[in-house]
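In the working numbering, the protein residues as written are 12 to 274. Glycine included, every Cβ here is placed at the ideal spot set by N, Cα and C. Below you'll find the structure, written out as structure tokens, and then a few comments.
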């Protein structure tokens, strides 16, 4: 038996609640796979990473995969990158819609106001100009420097070493999904953490049941060949963990298990 937790998006209280449900069902040593997107949008990304990093250091039976928001956060702090080519809107990671500002606030960087952006001439992407913070009105480079000083190395090392997938004999855990028809070893990182088009509508057998997040729903769904566990916690919904037990799938609730069957 193995458990999985979808996109947490900075909601440390929801993570604690999900872990309590898993422990009540499977005990303190339950094997858990976390499907990425640990940060952004919610108020306590630091608290989420503190909990996950501590669990890893304690040698808990936990597995993790990289999410697109985790990579954006990591690249911003370590490389100063504000953009990802897969964001067709051109929004900066610092745009409140993507949640970078709430992540930095959880580390004590920033203030209540939104940053100021300016789209560069001839480009569609937006760029941070300044942000009025508790440390004064900071330029984009000053925000990056402040983030590097605030984010612990343990958090950055954790994110930098996350794998892109985890698999068992009959399950494949990945953040966003896979490019159908391509061997796992030949999959592109961008697809594994970003894919929607060409994946969500594909109903073929992928050899293993694919368990993923990334595409927010109101509640987890089973589609026969894949299970989407992103129940929209990043938008205020409840984080619902799932149990995979002898070929069956169950979501976990305070009153116990509920079968999750193909729609």
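Residues bridged to residue i [DSSP beta-bridge criterion]
i	result
residue 43	14, 73
residue 255	13, 260
residue 222	184, 238
residue 127	141
residue 121	Per DSSP, none; premise fails for residue 121.
residue 217	DSSP lists no partner for residue 217.
For residue j and residue i, the rounded distance between their alpha carbons
i	j	result
residue 54	residue 114	7 angstroms
residue 144	residue 111	14 angstroms
residue 126	residue 148	10 angstroms
residue 162	residue 170	12 angstroms
residue 52	residue 196	31 angstroms
residue 157	residue 177	34 angstroms
residue 137	residue 39	45 angstroms
residue 160	residue 98	27 angstroms
residue 183	residue 146	44 angstroms
residue 219	residue 238	11 angstroms
residue 212	residue 60	32 angstroms
residue 81	residue 89	12 angstroms
residue 224	residue 119	28 angstroms
residue 209	residue 44	25 angstroms
residue 121	residue 235	44 angstroms
residue 173	residue 267	31 angstroms
residue 231	residue 164	33 angstroms
Cβ shell of residue i (< 6 angstroms), same chain only, five flanking positions each side left out
i	result
residue 56	21, 50, 114, 117
residue 124	143
residue 206	187, 188
Own chain residues within Cβ distance below 7 angstroms of residue i, not counting five before or after
i	result
residue 62	23, 26
residue 246	227
residue 86	92
residue 269	261, 262
residue 233	260, 271, 272, 273, 274
residue 201	97
residue 139	93, 103, 105, 126, 128, 151, 154
Buried or exposed by the 16-neighbour rule on C-beta atoms within 10 Å, applied to residue i
i	result
residue 154	buried
residue 135	exposed
residue 272	exposed
residue 31	exposed
residue 265	exposed
residue 257	exposed
residue 11	No answer is possible for residue 11: it lies beyond the span of the chain, which begins at 12 and ends at 274.
residue 106	buried
residue 216	exposed
residue 18	buried
Own chain residues within Cβ distance below 8 angstroms of residue i, not counting five before or after
i	result
residue 37	12, 14, 254
residue 229	242, 243, 248
residue 141	126, 127, 148, 149, 150, 151
residue 181	219, 220, 258
Contact with chain B by residue i, beta-carbon distance below 7 angstroms
i	result
residue 81	Here chain B cannot be found, since the structure has a single protein chain.
4 or more residues per run - each alpha helix (DSSP H) lying fully within the segment 136 to 211 = Annotation note: the segment 136 to 211 contains the following uninterrupted alpha helix (DSSP H) runs of length 4 or greater, listed N- to C-terminal: 151 to 161, 164 to 171, 200 to 205.
task = For the segment 49 to 98, list the beta strand (DSSP E) runs that are entirely contained and at least 3 residues long, ordered along the chain.
result = The segment 49 to 98 is shown to contain whole beta strand (DSSP E) runs of 3 or more residues at 73 to 75, in chain order.
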